[in-house]
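Asker: I have a structure here, written as structure tokens, and I will follow up with some questions on it.
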Amino acid sequence: MSLNSNSRPWQVNRAECNGRSDESIASANDFVPGTSPVQQTGNLELCLMGSLVLGLGVIIAGITWIQASTLTKFQSTEHSYSTAVTLVAQPSPQAPDQAVDSELAAAVAPDTMQPVANVAGVAAGKLPVPQQAEQTVAMKLVRDVYESAYADAKTSEQKAALATELLTAAKDPAHKPPQQFALLIAASNLALQASNCKATMTTIDALDDRFVVDAFAMKRSAAEQWAKLPLAKQQRLEIAKALVPVAKSAVAIERYDVAVELLKLARSSAIRGRDVSLVRRIETQSRETVALKKLFAAKQAADSALVTDPTDESANETVGRYQCFVRGDWSGGLPHLAKSSHPFLQDLAERDLVDSADPVEQLSLGDRWYDVGKAESGFASNAMMRRARYWYELAQPKLTGLSQTKCEKRLTEIDQILSQPAAGFSTPEHRRSGLVFDGKSWLETTLKYDGKTPLTIETWVSTDAAVEQSIVANCHGVGLALQITSEGRWGFHIRDKSTYQGAVSDDKVQLGQRVHLAGVTDGRNIALYVNGKRQKQLGHMTSGHKVSNFRFMIGADPDFHSKPQKHFRGTIDSVHVARTALYGDDFTPRDPPRRTPSTVLLLQLDENEGAIARDHSVFQQHVRIHGAVWK
Numbered sequence: 001m002s003l004n005s006n007s008r009p010w011q012v013n014r015a016e017c018n019g020r021s022d023e024s025i026a027s028a029n030d031f032v033p034g035t036s037p038v039q040q041t042g043n044l045e046l047c048l049m050g051s052l053v054l055g056l057g058v059i060i061a062g063i064t065w066i067q068a069s070t071l072t073k074f075q076s077t078e079h080s081y082s083t084a085v086t087l088v089a090q091p092s093p094q095a096p097d098q099a100v101d102s103e104l105a106a107a108v109a110p111d112t113m114q115p116v117a118n119v120a121g122v123a124a125g126k127l128p129v130p131q132q133a134e135q136t137v138a139m140k141l142v143r144d145v146y147e148s149a150y151a152d153a154k155t156s157e158q159k160a161a162l163a164t165e166l167l168t169a170a171k172d173p174a175h176k177p178p179q180q181f182a183l184l185i186a187a188s189n190l191a192l193q194a195s196n197c198k199a200t201m202t203t204i205d206a207l208d209d210r211f212v213v214d215a216f217a218m219k220r221s222a223a224e225q226w227a228k229l230p231l232a233k234q235q236r237l238e239i240a241k242a243l244v245p246v247a248k249s250a251v252a253i254e255r256y257d258v259a260v261e262l263l264k265l266a267r268s269s270a271i272r273g274r275d276v277s278l279v280r281r282i283e284t285q286s287r288e289t290v291a292l293k294k295l296f297a298a299k300q301a302a303d304s305a306l307v308t309d310p311t312d313e314s315a316n317e318t319v320g321r322y323q324c325f326v327r328g329d330w331s332g333g334l335p336h337l338a339k340s341s342h343p344f345l346q347d348l349a350e351r352d353l354v355d356s357a358d359p360v361e362q363l364s365l366g367d368r369w370y371d372v373g374k375a376e377s378g379f380a381s382n383a384m385m386r387r388a389r390y391w392y393e394l395a396q397p398k399l400t401g402l403s404q405t406k407c408e409k410r411l412t413e414i415d416q417i418l419s420q421p422a423a424g425f426s427t428p429e430h431r432r433s434g435l436v437f438d439g440k441s442w443l444e445t446t447l448k449y450d451g452k453t454p455l456t457i458e459t460w461v462s463t464d465a466a467v468e469q470s471i472v473a474n475c476h477g478v479g480l481a482l483q484i485t486s487e488g489r490w491g492f493h494i495r496d497k498s499t500y501q502g503a504v505s506d507d508k509v510q511l512g513q514r515v516h517l518a519g520v521t522d523g524r525n526i527a528l529y530v531n532g533k534r535q536k537q538l539g540h541m542t543s544g545h546k547v548s549n550f551r552f553m554i555g556a557d558p559d560f561h562s563k564p565q566k567h568f569r570g571t572i573d574s575v576h577v578a579r580t581a582l583y584g585d586d587f588t589p590r591d592p593p594r595r596t597p598s599t600v601l602l603l604q605l606d607e608n609e610g611a612i613a614r615d616h617s618v619f620q621q622h623v624r625i626h627g628a629v630w631k
């Protein structure tokens, strides 16, 4: 339809997370606390208007302004989204004779809530939220165009289907930004009303892709709404599982407060869904997140102290430990550790900062980080082991004899250590490495494939969206792709002379679940392995490979102009490309993958800083990062 105008550890309190009892939960008709439901016999326009503005509540809930001193917190009890929001203006009080019986009517009335930029300001490539007057016009246009569709959308399934239709319409570049915004509000609201977690998360992500909003707060607010509804156990579990990767993404950008709240909501949903195993996993992640939150608070206090006294040894050590051992920001943290009161760390940091190219000194640095890592515990221990691995890997190719053998043994030992949970936690350290992709980011490589040799592409990944997207690809009509298919399955597809042939996973993608994928071809047969298990559906090329002249992209797929498309949303922890068929039978994946004689690209993605991901193969084809952020 056209919309042109001309047409440290902690335990969650169980009582806090159980939520309200089922008996006290409002009915679905009381979806917005404090408002009157629109009666089925009521005016259709008001029904549609109420629908659209509830979605506006989702958006406004996610919008915040960095200049907190100029803001007032919206305290209205009329809309539960307001608890997560700071707004510039209070909603205008309504006199009794001016009371409105739909949320949309309130939103389009003059002098009401004014959206502002989120905490990050106007992000590159994103648009500011349209002005209120523009929203009003666009919402009326949506109401007029989709009036009959809204009238027919009575069940949850019908509302979810209409949400998908509006989401598709919002992607039409012919629509102006205010129209896209209004369509996305409407889609978000419908998905929310349908209690369709997947659709709600997808529409919020679409809003976040296009406009400057706080998607974390929006998703938290949606979960708060669902917590007050009588939902089936399966719906509770879907919500819990969906919130876990959102919390991880929040941690990745140091939004610890919202991550903790998301995990509380996830735990409550898992409890009410009666999944004991999921509850325990969420509790583990909650403990880790709270520990990180405390470390971050200490680091912020130390930052303030350093403004007054840059030589404060204790503050320097706190900042240095956080940057190096929590964030993996060694270039930012080592200068602080070099000013700390810890003599061993101070000396080691000073030596590390020299960045020696001498393999003997590199081996010595590896040994010292290894030794101090053995004496430490928790995140610090594993971070030190990772730093030791960094130096050992630099030294190993240039060493000979027993020194080289020692390096190789230490590297194997460190891989084993890092595959186990850190002391005091239940999450292996490898989860702290990798890059987070937001649906717009990607990695630029120099690697091409000529189809003359067998090939293996393997990676450790998790995704936030079961939609068509590329993990490693050079296709678009030619070439190949390790991907998520449009049916929501893992896939490995290669173009022969006539069409794409490929292998797909037996099961659909599970959101937030970290998996190992390996796409393998011997030049004729195509196989996909998920967590080391060969999947049943295999591919068979009927002719030779139709070679792509494009370089591989990671987290996207090049179009005919070498522009990235089909962007990945989730995390990628490592990528290994080898010119051989590494696997023929089921196997136990290595984490991270190790270099082989046929390796042409090996990204362990453990630098945790900078705009370059280092290639550990002999070719040293380092990769440029576009938009992805370190975990």
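Once you know that position 175 of the sequence shown is 175 in our numbering, the rest is easy, because the numbers rise by one and skip nothing. All residues carry an ideal CB built from backbone N, CA and C; glycine is no exception. As the structure is a computational prediction, the values presented were derived from the model and not from experiment.
Assign ILE239 to one of two classes, buried (16 or more other C-beta atoms within 10 Å of its C-beta) or exposed (fewer than that).
Answerer: So ILE239 counts as buried.
Asker: Under 6 Å Cβ to Cβ from ARG410, same chain only, skipping five residues before and after it: list those, please.
Answerer: So the list reads TYR392, once near-sequence residues are dropped.
Asker: Excluding the five sequence neighbours on either side, which residues of its own chain have a C-beta within less than 6 Å of the C-beta of CYS197, listed in chain order?
Answerer: Closer than 6 Å at the Cβ level, and outside the excluded window around CYS197, lie GLU238, ILE239 and ALA242.
Asker: Report, in whole angstroms, the separation of the C-beta atoms of LEU141 and GLN180, which I expect to be a contact under 8 Å.
Answerer: Their Cβ separation, rounded to whole angstroms, is 12 Å, which puts LEU141 and GLN180 out of contact at 8 Å.
Asker: Can you give the Cα-Cα distance for LYS73 and ALA149, rounded to whole angstroms?
Answerer: Below a pLDDT of 50, predicted positions are generally treated as unreliable, and LYS73, at 30, falls in that range; the measurement from the model is reported next regardless. Those two C-alpha atoms are separated by around 36 Å.
Asker: Tell me, please, whether the segment 559 to 577 touches the segment 459 to 467 by the rule of three or more beta-carbon pairs shorter than 8 Å.
Answerer: Touching, per the Cβ criterion.
Asker: Under DSSP, the alpha helix (DSSP H) around THR571 begins and ends at which residues?
Answerer: Where THR571 is concerned, there is no enclosing alpha helix (DSSP H), although the beta strand (DSSP E) it sits in stretches over 569 to 578.
Asker: Could you tell me which of TYR449, ASP303, ALA375 and GLY366 sits nearest to SER403, measuring between CA atoms?
Answerer: Of TYR449, ASP303, ALA375 and GLY366, the residue nearest in Cα terms is GLY366.
Asker: Leaving aside the five residues before and after LYS339 along the sequence, list all residues of the same chain whose C-beta is less than 6 Å from its C-beta, in chain order.
Answerer: The residues are ASN316.
Asker: Does DSSP classify TYR583 as helix, strand or coil?
Answerer: Residue state, collapsed to three classes: coil.
Asker: Would you decide whether ILE612 is buried or exposed? Buried here means 16 or more other CB atoms lie within 10 Å of its CB.
Answerer: ILE612 should be labelled exposed.
Asker: Residues in the same chain with beta-carbon distance under 7 Å from TYR632, minus the five sequence neighbours each way, listed in chain order, please.
Answerer: Nothing about residue 632 can be reported from this structure: the residues present for the chain run from 1 to 631 only.
Asker: According to DSSP, is MET384 helix, strand or coil?
Answerer: Three-state result, MET384: helix.
Asker: Using a 10 Å radius around the Cβ and a threshold of 16 neighbouring Cβ atoms, would you call ALA217 buried or exposed?
Answerer: Buried: at least 16 other Cβ atoms inside 10 Å.
Asker: With distance defined between alpha-carbon atoms, name the residue in GLU313, THR311, GLY333 and PRO310 nearest to ARG321.
Answerer: Cα-wise, what sits closest to ARG321 is GLY333.
Asker: Could you pull the start and end residues of the alpha helix (DSSP H) that LYS293 belongs to?
Answerer: Run containing LYS293: 276 to 308, per the alpha helix (DSSP H) assignment.
Asker: Mind checking which residues open and close the beta strand (DSSP E) that includes ARG624?
Answerer: It spans 623 to 626 - the beta strand (DSSP E) in which ARG624 sits, taken as one unbroken run.
Asker: What do you get for GLU283, buried or exposed, if any count of 16 or more other CB atoms within 10 angstroms of its CB means buried?
Answerer: Per the 10 Å Cβ criterion, buried.
Asker: Buried or exposed: HIS516, going by 16 or more other Cβ atoms within 10 Å of its Cβ?
Answerer: HIS516 is buried by the Cβ-count criterion.
Asker: So what does DSSP say about VAL472, is it helix, strand or coil?
Answerer: The answer is strand: DSSP assigns VAL472 an E or B state.
Asker: What are the start and end residues of the beta strand (DSSP E) that includes ARG495?
Answerer: Start and end: 489 to 495.
Asker: Spatial neighbours of ALA387 within its chain, please: C-beta separation below 6 Å, excluding the five flanking residues on both sides.
Answerer: Per the sequence presented here, residue 387 reads as Arg, with Ala not at that position. Excluding residues within five positions, the ones whose Cβ falls inside 6 Å are TRP369.
Asker: Given 8 Å as the limit, is there contact between the segment 350 to 363 and the segment 263 to 271, that is, 3 or more CB pairs closer than that?
Answerer: No: the two stretches stay apart, fewer than three of their Cβ pairs being nearer than 8 Å.
Asker: Can you tell me whether PRO310 is buried or exposed, with buried defined as 16 or more other CB within 10 angstroms of its CB?
Answerer: Counting Cβ neighbours within 10 Å, PRO310 comes out exposed, since fewer than 16 surround it.
Asker: Could you give the DSSP three-state label for ILE484: helix, strand or coil?
Answerer: DSSP places ILE484 in strand when its eight states are reduced to three.
Asker: Report yes if the C-beta of GLN565 is less than 7 Å from at least one heavy atom of the ligand MN; otherwise report no.
Answerer: Judged by which ligands are present, the structure shown has none, so any question about the ligand MN falls away.
Asker: Is ILE204 helix, strand or coil when you go by DSSP?
Answerer: It is helical.
Asker: Which residue's Cα is closest to the Cα of LEU183: ALA194, THR203, ALA199 and LEU192?
Answerer: It is THR203 whose Cα lies nearest to the Cα of LEU183.
Asker: Going straight from the alpha carbon of LEU418 to that of VAL260, what length do you get?
Answerer: Distance between the alpha carbons of LEU418 and VAL260: 25 Å.
Asker: Could you tell me how far apart the beta carbons of LEU263 and GLN225 are, in whole angstroms, since I believe they sit closer than 8 Å?
Answerer: Going by Cβ atoms, the distance from LEU263 to GLN225 rounds to 17 Å, so no, they are not a contact pair.
Asker: Would you tell me roughly how many angstroms separate the C-alpha atoms of ALA346 and SER314, rounded to the nearest one?
Answerer: For the sequence presented, residue 346 should be read as Gln rather than Ala. Roughly 12 Å between the two C-alpha positions.
Asker: How would you label HIS336, buried or exposed, when you count the other beta carbons within 10 angstroms and need 16 or more for buried?
Answerer: HIS336 should be labelled buried.
Asker: What residue range does the beta strand (DSSP E) around GLU632 cover?
Answerer: Residue numbering for the chain in the displayed model covers 1 to 631; residue 632 lies beyond these limits and cannot be assessed.
Asker: Could you tell me the distance, in whole angstroms, from the CA atom of LEU443 to the CA atom of ALA305?
Answerer: C-alpha separation (whole angstroms): 38 Å.
Asker: Hey, out of VAL618, GLY584 and PRO593, whose CA is closest to VAL600's CA?
Answerer: The candidate whose alpha carbon is nearest that of VAL600 is VAL618.
Asker: Between the segment 579 to 592 and the segment 480 to 492, are three or more C-beta pairs nearer than 8 Å?
Answerer: At 8 Å Cβ cutoff, the stretches do not touch.
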